Each structure stands twice: as structure tokens, then as C-alpha cells.
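K.L.:
First the structure, then my questions, so here it is.
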Amino acid sequence: MPELTYFPDRFKGQVAIVTGGADGLGKTIAQRLVAEGASVALFDRNATLLEKSGSEFATADRPVRTYPIDISQESQVKEAVDQVVADFGQLDVVVNSAGIVGPTSTNITTYTTADFENVCAINLLGSFLITKYAVTAMASRGYGRILLMASIAGKEGNPGMVGYSVSKAGVIGLVKAIAKEYATTGISINGLAPAVIKTAMNDNTSPEQLAYMTAKIPMGRLGQVDEVAAMACFIVSAENSFSTGFIYDISGGRATY
């Protein structure tokens, strides 16, 4: 993988929320946002890991604050977004990276309703709630960038992962619908659809499921978190000014549309 280039002042003076910020994609995206000038609010339900991660990359002029919440709970999301605006004075960027995989290599006949509801609550309802309260906070200033993490599974469907596939397909629909609602407001809403990325979230994915998904990637490898962070930061940057309602591909060639 080539060395990545940073743009130190790209987010200077901006405030960003990153969900799922305790680890994985969320943490790496948050680190890059800070490196490129942003102050960052990290959301995650793992309070212990969240606090540890938040202390790793804060700087004197680019503070990182942590907010332990479950994004599937509306009251928690509303209170946390309101608190971020109170703490930082504004909200410019939101990256919703929180998510779970749920059962893998599991036929629909043995996929429990409880598991399906849990995956959809975090991945889809959580995306809805974060977007709902983010646009509310951004509307008065007439500017905002929101990125929802979708998945190639939402485009193509992964067998044995019905909950994950359905929830991520829903995220894609959410992006396209809400982007049109806010297209003239200065607030853009886009999505990013990764193929398999090397993160802790895949630690519990069965080897058979992981092999199936990796075999479908023409580049023949897993994506890296730094590659996702680089694309995510462009998507939520001010220079990405004529793109909304789009699902970006970062799939090593797997995506065909």
C-alpha cells in the first residue's frame, strides 16, 4: 500500500463526531480528522476502550472528547449531540462508523429474530438517529458533512449474513433519501461501502465467511483501515462540494455499480 498523504489544515476550526470511535474504522478516521485539524467527539458504547482511545491522539489545540452512548437509543443520541454542540459550539462533520456484523454463515431459518432486530437496531436505526440529530444541529449554520458507513453487503447481499446485509441496504436507502431532503441546505449526506476491511469487527466472522468475501475482491486482499480513513476524510471535506446521496466504493474492485 502506498504511503498516504495528510492535509494538516483541511478541517481546521471544524468539529466532528465519529461514532464507533473506540476502535477499528471509527478510531482510525477520528485520528486522521484530528491530524488534519479537527476537534473530535468520539461516540461508542464501550466506555472503557473509548476513554483509552480518546486519550491517545488529542492535542492541545485539537481536543478529543468522549461520549459513551448506544446509538440505537434515541434519547442518548439526542443528548449526546446536544452536548457536543454545547461543548464545542458547533458541529460540522459526522462520520457514523458504529456497527456490528451479527451472525455469519447462518441460514435465515436459523437466524434468530432477536439477532436480526439487534443488528438492524445498531446499524440502521442508529444511522437514522445519528443523521436525524446531526442535521438538526447543522441546519442553523447552513453547512455540514455526514458520512454513513454502508457496506458492499448492502449492495450485493452476503449469504449467511441476512441481518447485516439488510441493515446496510437500509443505510444506502437512508443516504439517498435524506440527501435529497437537504440538497439545497449546504449539508451533504453520503455513504461509503467497503468490502472486507481488516478490523477487530471481523474477528468473530467465521473463516468460511471471510474466505468467501475475500475471494470476491479482484485485488485479492483485505482493505486497510488507513485506506478507508483517507477516503472518508475526503468525502466529509469542504472540497467535496457537489456530491450528495452517493455511495462511494472502497471494495478492491468488487463493486460493479
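Those letters in the sequence shown? Residues -5 to 251, by this note's numbering. No residue lacks a Cβ here, since even glycine has one placed at the ideal position from N, Cα and C. All figures in this text were calculated on a predicted structure; none of them were measured in a lab.
(1) Identify every run of the alpha helix (DSSP H) within the region 54 to 119, keeping only runs that are complete inside it and at least 4 residues long; order them along the chain.
(2) Check whether the region 50 to 64 touches the region 178 to 194, counting contact only when three or more Cβ pairs, one atom from each stretch, lie closer than 8 Å.
(3) Along the chain, where does the alpha helix (DSSP H) that runs through Ser47 open and close?
(4) Rounded to the nearest angstrom, what separates Arg59 and Thr103 at their Cα positions?
(5) Output needed for Ala74: all residues of its chain with C-beta closer than 7 Å, excluding positions within five of it in sequence on either side, in chain order.
(6) Which of helix, strand or coil does DSSP assign to Ile166?
(7) Which whole runs of the beta strand (DSSP E) in the region 135 to 205 are 3 residues long or more, in chain order?
(8) Where does Ile211 fall in DSSP's three states?
(9) Leaving out five residues on either side along the sequence, give the residues of the same chain with a beta carbon under 7 Å from the beta carbon of Leu43.
(10) Straight-line CA distance for Ile65 to Glu111?
(11) Taking 7 Å as the limit between beta carbons, can you name the residues of its chain near Ala41, skipping five residues before and five after?
(12) Between Ile116 and Leu186, which are expected to be in contact by the criterion C-beta below 8 Å, what is the C-beta distance as a whole number of angstroms?
(13) What are the start and end residues of the alpha helix (DSSP H) that includes Asp220?
(14) Quickly, what does DSSP pair Ile244 with across the bridge? List them, please.
(15) If contact is defined by three or more beta carbon pairs under 8 Å, each pair taking one atom from either stretch, is the region 146 to 156 in contact with the region 124 to 137?
P.N.:
In this structure, then:
(1) 68 to 82 and 107 to 114
(2) no
(3) In the sequence shown, the residue the question calls residue 47 occupies position 53. First-last of the alpha helix (DSSP H) with Ser47: Ala41 to Gly48.
(4) The count along the sequence shown starts at 1 and reaches residue 59 at position 65. The count along the sequence shown starts at 1 and reaches residue 103 at position 109. Rounded to whole angstroms, Arg59 to Thr103 spans 43 Å at the Cα level.
(5) Within the sequence shown, residue 74 is the residue found at index 80, counting from 1. Answer for Ala74: Phe37, Tyr61 and Ile63, listed in chain order.
(6) Within the sequence shown, numbered from 1, the residue matching residue 166 stands at position 172. It is helical.
(7) 138 to 143 and 181 to 188
(8) Position 217 of the sequence shown, counted from the start, is the residue given in the question as residue 211. Three-state DSSP puts Ile211 in coil, outside helix and strand.
(9) Walking along the sequence shown from the start, residue 43 turns up at place 49. Answer for Leu43: Ala16 and Asp17, listed in chain order.
(10) Against the sequence shown, residue 65 aligns to sequence position 71. Against the sequence shown, residue 111 aligns to sequence position 117. Roughly 14 Å separates the two Cα atoms.
(11) Within the sequence shown, residue 41 is the residue found at index 47, counting from 1. For Ala41, where only same-chain residues beyond five positions count, the Cβ hits under 7 Å are Pro62.
(12) By 1-based counting over the sequence shown, the position of residue 116 is 122. By 1-based counting over the sequence shown, the position of residue 186 is 192. Contact doesn't hold; Cβ gap of about 17 Å is too wide.
(13) Walking along the sequence shown from the start, residue 220 turns up at place 226. Unbroken alpha helix (DSSP H) run through Asp220: Val219 to Ile229.
(14) What you label residue 244 is simply residue 250 of the sequence shown in a count that begins at 1. According to DSSP, which records beta bridges pairwise, Ile244 is partnered with Pro188.
(15) no
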